[in-house]
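Heads up, the sequence shown is in the numbering used here, so the first residue is 22 and it goes up one at a time.
Here a beta-carbon is modelled for each residue, glycine too, at the ideal position from N, C-alpha and C.
First up is the structure itself, then whatever we jot down about it.
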Amino acid sequence: MHTVQLLLKPTTYERAEIERRFHAVSHIHNVCVKRMRKQIVLLLKDEEYRNWRTEYGSLSKIEKPSKAEKERKKALASDMNTRRTELGLNRSELEKYIKVCGARYKKLLSSQQVQAEAANVWKGVEDFLFSNGKQLHFKKFRDFRTIGGKSNINGICYDTETRQIQWLGLQMQCYLPKKASDREYVLQSLDHKISYCMIKRQMFSNGWRYHIILVLKDDAPQKLEHGFGDMGIDPGVSTMACTADTGCVLEELAPETDRYDRQIQEILRKMDRSRRKSNPDKYNPDGTVKKNDHSRWKNSKNYIRLLRRLQILYRKRSQYILTSHRTLCNRLIQMADRIRVERMTYKALQKRSKKTEHQDKISEVKKKDGSVVMIRKFKKKKRFGRSINRRAPSLFLTELERKITTAGGTYEEVKTETFKASQYDHSTDECTKIPLKQRTKVIDGHEVQRDLYSGFLIKNADDSLEHPDREKCKEEFLKFIEMHDELIKDMKRSGVSMKQCFGF
């Protein structure tokens, strides 16, 4: 499947009508959340269910369970599922419950659009029940961006001949892109069968702008031709190090994000000052928010204007990151048709450390009275959450996989636990841990950038993708050194620098 986005230019009446429908979606969403939160509380109060879940968890930790343990685990899963169904904690029961509320908005939303919003809420319930979700949250009207659907014959219906959409009394014209190449791509895509349609809104300086998103079956039209050969990628938090048969690439992800982040931080500070000035009774003398004060917040006109500017900046930053990632993906795909990547779990890297530990070194600390004491400071608990938010490395890998497979290439992941790309030395056939701050290493008498060398090892992985192919590494190492040295020299000559990641 792939998507196509077309611009809508609604009249004043049509804008008001679309906003009414977004209000209806927000109400339906929050009714579903309220219902699910209530049922989850009832489920967690059930002592028998809690005992089943504890027993199921202990059985899941057994590496080699016996036949009786497997049968017991299966029986527990069935019992827990039955109990959840009795309390209405499944998707079909949620859709039945919200059907009554959806009838209230039958002139604004179709039955399938109501079901689609219930399905969005159910994803959050699944995260809470079966994954690491912590709480279901209500959403404000301004946070809704799309109204989904399930088919092109119910709710929002797109007519390919007239290029118009019909939506429960609304009829709006869709406009093709002005750029000739983009228009040709859209027309080729519209030859495919439409699965369903969505309405999307984005905040611009002159207000909301609306688009129709067509979800089409089959693959997107081919715009990019892939290269030939192998490529290994060592994905980092802020950078991507790539080694191919024809060259090396060491790139910072979304390098211009700082420009948006500075503006966002400035606006957030202004919003905080405005809110504190408008709501002095909501804060304690030390500046913290009163937890027991549940009265409504007062937002000034200036606060609302700042909030709109903040939404615009978030949209611009998001669009910039996506465009930057896709540009780099296109560049890499033109170098190879078989891409191998080290598997990364970014969700684990963004979490703060739970351990509270002291540093090994002793530091001098000057007190207010002027005296100096020697103490061991606490180690920082932060990891890579902020960098992951700013660079979106997981989004880059998702886009790369989508693009290379659509272009006819292959995307493979090596097994991180056994591969040990950052530790392995093919010249000695040994694994040696090196500190994260050390960005270079010496291999067979040559100083190499550690991320590029890891990409070289990943490129030369064996067929099982569990270990590097040592013989192949020996054959291609000198060629890699030539490409490596040429890239580093060009980057230094151009003034490209990122010492904490590149080492220069």
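- Apart from the 5 residues on each side of it in sequence, K94 sits with its Cβ closer than 6 Å to the Cβ of L80 in its chain, given in chain order.
- DSSP places G123 within a helical segment (H, G or I) once states are collapsed to three.
- In this structure, the beta-carbon distance from L473 to H505 falls below 9 Å.
- Cα atoms of K30 and L235: separation of roughly 16 Å, rounded to the nearest angstrom.
- If you look at Q371, you'll find it isn't in any beta strand (DSSP E); DSSP assigns it neither H nor E.
- When C-beta atoms of the segment 40–50 are compared with those of the segment 160–171, three or more pairs fall below 8 Å, so the two segments count as touching.
- DSSP places I502 in the uninterrupted alpha helix (DSSP H) bounded by 491–515.
- The Cβ-Cβ distance between G250 and T267 falls below 9 Å.
- One thing to note: T264 has its Cβ within 9 Å of the Cβ of F501.
- V142 counts as buried, since at least 16 other C-beta atoms from the protein chains shown sit within 10 angstroms of its C-beta.
- R326 is classed as exposed because its beta carbon has fewer than 16 other beta carbons within 10 Å across all chains shown.
- Secondary structure remark: continuous alpha helix (DSSP H) runs of at least 4 residues inside the segment 415–503, in chain order: 437–440, 471–480.
- In terms of CA proximity to D203, V25 leads the group I383, F417, V25, T183.
- One alpha carbon belongs to K55, the other to Y196, and they sit about 39 Å apart.
- Out of I220, R412, R329, S216, the CA that lies nearest to the CA of K238 is found in S216.
- Taking the Cα of T348 as reference, the smallest distance to any Cα among G429, L274, F440, W188 is reached at L274.
- Fully enclosed beta strand (DSSP E) runs of no fewer than 3 residues are not present anywhere in the segment 36–96.
- With a cutoff of 9 Å on beta-carbon distance, C522 and L421 are scored as not near each other.
- Here G176 carries a coil assignment [DSSP, helix/strand/coil].
- Within the segment 152–211, the runs of beta strand (DSSP E) that reach at least 3 residues and sit entirely inside it are, in chain order, 178–180, 185–188, 191–196.
- The beta carbon of V146 sits closer than 6 Å to those of M57, all from its chain and outside the five residues before and after it, given in chain order.
- If you compare the alpha carbons of D465, R460, N111 with that of E451, the shortest gap goes to D465.
- Following the DSSP letters along the chain, one finds S339 inside the alpha helix (DSSP H) bounded by residues 322–354.
- For the pair of segments examined, the segment 381–397 was found not to touch the segment 224–231: the number of CB pairs separated by less than 8 Å stays below three.
- Assigned with DSSP and collapsed to three states, F525 falls in coil, not helix or strand.
- Per DSSP, R283 is one residue of the alpha helix (DSSP H) stretching across 278–299.
- When the alpha-carbon of E438 is set against those of M219, A262, H488, the nearest one is in H488.
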